[in-house]
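If you're matching positions, the sequence shown starts at 0 in numbering that gives the first Met the number 0 and goes up one per residue.
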Amino acid sequence: MTDKKNYQKKLEAHLDKWDAKIDELNAKAAQAEADSRLQYEETIDEIKKKRDEVQEKLQEIKKQGDETWEDIKKASEDIVSDLDARLEAAIENLK
């Protein structure tokens, strides 16, 4: 399997993990007080936007040839790191 295919699978696994964490955040936000709920929902919306950016990068990688996808990979890795950090911070804040 090529590096490109492996990376696609890695991003798909991240997307699945993030979807599960977003569902968890939504459930916890639904139980929060009204003031806190609004803040959590805003945070969740930001996280969803970042998640969508990764989804777009994945689609770009799929369209690129094996030689040209590396540039997109670098940009997507930054988004992946940022999203992981945001999700962990949001989960911590909901505890």
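Think of the CB as a built atom: it goes at the ideal place given N, C-alpha and C, for glycine as much as any other residue.
Predicted model only: the values in this text are computed from it and were never measured.
Spatial distance of residue i from residue j (CA atoms)
i: E11; j: L57; result: 8 Å
i: S35; j: G64; result: 46 Å
i: K95; j: D70; result: For the chain, the structure presents residues 0 to 94; residue 95 sits outside this window and is missing.
i: E32; j: Q38; result: 10 Å
i: E23; j: V79; result: 19 Å
i: E110; j: K20; result: What the structure shows of the chain is the stretch from 0 to 94, and residue 110 is not part of that stretch, so it cannot be assessed.
i: A96; j: K9; result: The structure shown has nothing for residue 96, since the chain only spans 0 to 94.
Three-way DSSP call (helix, strand, coil) for residue i in this model
i: T42; result: helix
i: E32; result: coil
i: Q63; result: coil
i: W68; result: coil
i: L93; result: coil
Residue nearest to residue i in terms of C-alpha spacing, selected from the options
i: K3; options: L93, N92, E59 and D77; result: E59
i: T1; options: E40, E66 and D44; result: E66
Residues of its chain near residue i, where Cβ-Cβ distance is below 6 Å and the 5 sequence neighbours each way are ignored
i: W68; result: K3 and I60
i: E76; result: none
Close-in-space but distant-in-sequence residues of the same chain around residue i (CB under 7 Å, 5 per side omitted)
i: L82; result: W17, I46, K49, R50 and V53
i: Q7; result: L57, I60 and K61
i: E40; result: A28
Cut-off 8 Å between Cβ atoms - residues of its own chain near residue i, not counting five sequence neighbours on either side
i: A29; result: R36
i: A74; result: K56
i: L14; result: R50, V53, Q54 and L57
i: T42; result: L24, R85, A89 and N92
Handout entry: Three or more C-beta pairs below 8 Å linking the segment 75-89 and the segment 30-49
Key = yes
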